[in-house]
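Step one of this worksheet: look at the structure below.
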Ligand SMILES: Cc1cc2nc3c(=O)[nH]c(=O)nc-3n(C[C@H](O)[C@H](O)[C@H](O)COP(=O)(O)O)c2cc1C
């Protein structure tokens with residue numbers, strides 16, 4: 020039977036199918052970081068929904084779940100920084116995706132020009148200012164204006180595909 024002719028499933032099956040179908044779209048992974056304006060401590064979350072949007076003006080976007088406890092903190096900072104994660108940073112990704120605790124414990128970082136954490140080993144960083152937030156179902160689409168950006172460490176990218184991590188098998 021052609022996939023389009025599959026009978027509709029219940030909500031649970033629909034969610035599973037959504038994940039299994041959309042999970043076949045491979046992505047990179049970023050860490051979105053900032054300094055908590057209240058404490059001055061680093062905060063952030065891992066995201067694979069990042070994409071470039073516009074060159075003029077320079078805009079990027081990512082989607083954040085309404086259930087995120089870190090996003091309201093990150094959002095409270097004046098600027099945010101997108102760190103493009105490298106293939107060896109899977110543990111860093113897991114740490115930034117874990118809810119609660121000190122997400123930056125044991126992580127080495129330096130400050131971006133905007134003052135936010137640039138993780139050691141990240142392939143690139145992008146300092147941004149949140150420009151717009153568009154509600155979209157159970158997520159919010161965040162559009163951010165690029166203020167400054169640069170490459171950082173060399174290496175291959177961390178890839179996310181079908182719920183697992185992988186490496187880019189090509190020229191880095
Ligand atoms: C590979 C990967 C990609 C993720 N991508 C997103 C994403 O695009 N948007 C999002 O809201 N959460 C994403 N998450 C989940 C967040 O990193 C984090 O787990 C979630 O925000 C809960 O933590 P928090 O309560 O500290 O925000 C991703 C997690 C992983 C491991």
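Residue numbers (the working numbering): 20 to 191.
Positions of the beta carbon are idealized from the N, C-alpha and C atoms, including for glycine.
Selection from the options that minimises the alpha carbon distance to residue i
i, options, result
"residue 166", "135, 181, 182, 190", "135"
"residue 174", "92, 103, 148", "103"
"residue 58", "47, 178, 92, 33", "92"
"residue 101", "71, 110, 120", "71"
"residue 106", "99, 117, 82, 49", "49"
"residue 79", "181, 183, 144", "144"
"residue 181", "94, 47, 39", "39"
"residue 157", "120, 54, 86, 69", "86"
"residue 84", "36, 69, 73", "69"
"residue 172", "137, 188, 159", "137"
"residue 65", "77, 76, 113", "113"
"residue 76", "153, 164, 122", "164"
"residue 116", "160, 88, 94, 139", "88"
"residue 74", "190, 47, 168", "168"
"residue 67", "190, 188, 183", "183"
"residue 119", "133, 90, 190", "90"
"residue 170", "35, 139, 121", "139"
"residue 155", "36, 47, 82, 35", "82"
"residue 187", "126, 46, 133", "46"
The beta strand (DSSP E) enclosing residue i, as first and last residue numbers
i, result
"residue 143", "143-155"
"residue 92", "Here residue 92 belongs to no beta strand (DSSP E); instead the alpha helix (DSSP H) covers 90-94."
"residue 184", "183-186"
"residue 164", "158-170"
"residue 72", "70-73"
"residue 86", "It is not in any beta strand (DSSP E) - residue 86 carries neither H nor E in the DSSP assignment."
"residue 102", "99-103"
"residue 45", "That residue, residue 45, is in no beta strand (DSSP E); it is neither H nor E in DSSP."
"residue 126", "Per DSSP, residue 126 belongs to no beta strand (DSSP E) and is neither H nor E."
"residue 63", "61-66"
N-terminal and C-terminal residue of the alpha helix (DSSP H) that residue i is part of
i, result
"residue 110", "109-116"
Beta-carbon proximity check, residue i vs residue j, cutoff 8 Å
i, j, result
"residue 61", "residue 96", "no"
"residue 162", "residue 148", "no"
"residue 146", "residue 131", "yes"
"residue 4", "residue 51", "It is not possible to answer for residue 4, since the shown part of the chain is limited to 20 through 191."
"residue 177", "residue 109", "yes"
"residue 99", "residue 141", "no"
Ligand 3 heavy atom lying under 7 Å from the CB of residue i
i, result
"residue 116", "As for ligand 3, it is missing from this structure, which binds only ligand 1."
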